[in-house]
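Under numbering that gives the first Met the number 0, think of the first position of the sequence shown as 0, with each following residue one higher.
Glycine is no exception: its CB is placed at the ideal position from the N, C-alpha and C atoms.
Please read the structure below before turning to the comments.
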Amino acid sequence: MDIQKTVGILLGFILTGCGAASPPYVDPLLLPFTKSFAKEALRFSGRSYSDTPTTTVFEELPKGIAGQCDHRDGHIAINKTYFQKIPYYLRELLVFHELGHCILNRRHSDRPGAIMYFRLTDPTIYAINKEKELKILFVGE
Ligand SMILES: [Zn+2]
0 MDIQKTVGIL LGFILTGCGA ASPPYVDPLL LPFTKSFAKE ALRFSGRSYS DTPTTTVFEE
60 LPKGIAGQCD HRDGHIAINK TYFQKIPYYL RELLVFHELG HCILNRRHSD RPGAIMYFRL
120 TDPTIYAINK EKELKILFVG E
């Protein structure tokens, strides 16, 4: 190991040790969606979630589970196998749904078409009603 690497690692420990908060980890493939969520949150509710207190990563989840939010530590897991198979709008819907749980403390809606509906909505319908559904997600029904 060369000396520069050692210094870098030590510096890392020192920065971690002094309590400098690092932003929660978001998988690069999911980052466009978490950023978009923060942007929409600001637009609809005026609240800034730039320091979103949740990690958002891919994990192996049981078949039939597209994503989940763990409220205890604000951890979002997305089913990668499923994510890779679905179109853009459904990906957005899935990430927004989980962020709705973990960040906005939203529960499931029993209204089909809602972002917080317990089943993922048809992405075409979501795309058409997106503006209305985002308002409901961030501001309420
Ligand atoms: Zn849910």
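Whose C-beta lies closer than 8 angstroms to the C-beta of Tyr48 among residues of the same chain, with five residues either side of it excluded?
-> As a first step, residue 48 is located in the sequence shown; it is residue number 49 there, counting from the start. Answer for Tyr48: Phe36, Ala37, Ala40, Leu41, Ile102, listed in chain order.
Environment of Glu140 [buried if 16+ CB atoms lie within 10 Å] | On the sequence shown, residue 140 is found 141 positions in, with the first residue counted as 1. Burial call: exposed.
To which residues does DSSP link Gln83 through a beta bridge?
-> Taking the first residue of the sequence shown as position 1, residue 83 is located at position 84. By DSSP's assignment, Gln83 forms no beta bridge with any residue.
Cβ shell of Gly112 (< 8 angstroms), same chain only, five flanking positions each side left out = The residue labelled residue 112 in the question sits at position 113 within the sequence shown. Sequence-distant Cβ neighbours of Gly112 in its own chain, meaning closer than 8 angstroms and more than five residues away, are Thr120, Ile124, Tyr125, Asn128, Glu132.
Sequence-distant residues of its chain with Cβ nearer than 6 angstroms to Phe57 (five each side left out) = Working through the sequence shown from its first residue, we reach residue 57 at position 58. Counting only Cβ-Cβ distances below 6 angstroms, and skipping sequence neighbours, we find Asp26, Ile77, Lys79.
Could you say which of His96, Leu28, Asn104, Tyr116 lies nearest to His70 if we only look at CA atoms?
-> One-based indexing of the sequence shown puts residue 70 at position 71. Selected option, being the one with the closest Cα: Asn104.
Based on Cα-Cα distance, which residue from Phe117, Ser108, Lys62 lies nearest to Ile135?
-> As a working note, residue 135 is residue 136 in the sequence shown. If we check each option's Cα against that of Ile135, Ser108 comes out closest.
Helix, strand or coil: how does DSSP classify Ile64 here?
-> For the purposes of this step, residue 64 is taken as the residue at position 65 of the sequence shown. If DSSP states are grouped into helix, strand and coil, Ile64 belongs with coil.
May I ask you to report which of helix, strand or coil DSSP gives Ala37?
-> Here residue 37 refers to the residue found at position 38 of the sequence shown. In the structure shown, Ala37 sits in a helix (DSSP, three-state: H, G or I).
According to DSSP, is Phe43 helix, strand or coil?
-> Within the sequence shown, the letter at position 44 stands for residue 43. The answer is helix: DSSP assigns Phe43 an H, G or I state.
Figure out for me which residue from Arg46, Val138, Pro122, Pro31 has the closest Cα to the Cα of Pro86.
-> On the sequence shown, position 87 is the one that residue 86 refers to. Measuring from the Cα of Pro86, the nearest candidate turns out to be Pro122.
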